[in-house]
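One structure is given here, and the rest of the page talks about it.
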Amino acid sequence: MVSAQIASKLIGDIRSERSLNQAELARAAGMTRSVVNAYERGHRQPGVDALARIAAAAGMRLRVDCAPRDVDPMRAGRILEQVLDLAAALPYRRPGKLRYPPMHRHAR
């Protein structure tokens, strides 16, 4: 999810840039004006997909860049070791045969 404050500013900037009112933007995005209003006022928190629809409705494209996180290889190794130890401790059961319900043919 995108922060409601960031989404609010982004939607306001999109509308301002394209000189659209909320109803026009909402109609183009396939949403109700009340939803766009709630997003823009920060009363609802849109997902990235909703923001992408709003941007596309204004002829823009939303691009999300995520900064890679630093990975501590020692910590990652310890976590992997713990996961593998837990997996090894699980009881092994042979998978049973799959049973499907009988299929009935319908007369035409």
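Under the numbering used here, the first residue of the sequence shown is numbered 9, with each subsequent residue one higher. For every residue, glycine included, the Cβ atom is placed at its ideal position computed from N, Cα and C.
Burial state of residue 19, where buried means 16 or more other Cβ atoms lie within 10 Å: buried
Counted within 10 angstroms of its Cβ, other Cβ atoms place residue 27 as buried (16 or more) or exposed: exposed
Nearest candidate by alpha-carbon position, reference residue 97, set 104, 89 and 69: 89
Cβ neighbour criterion (16 or more within 10 Å) applied to residue 13: exposed
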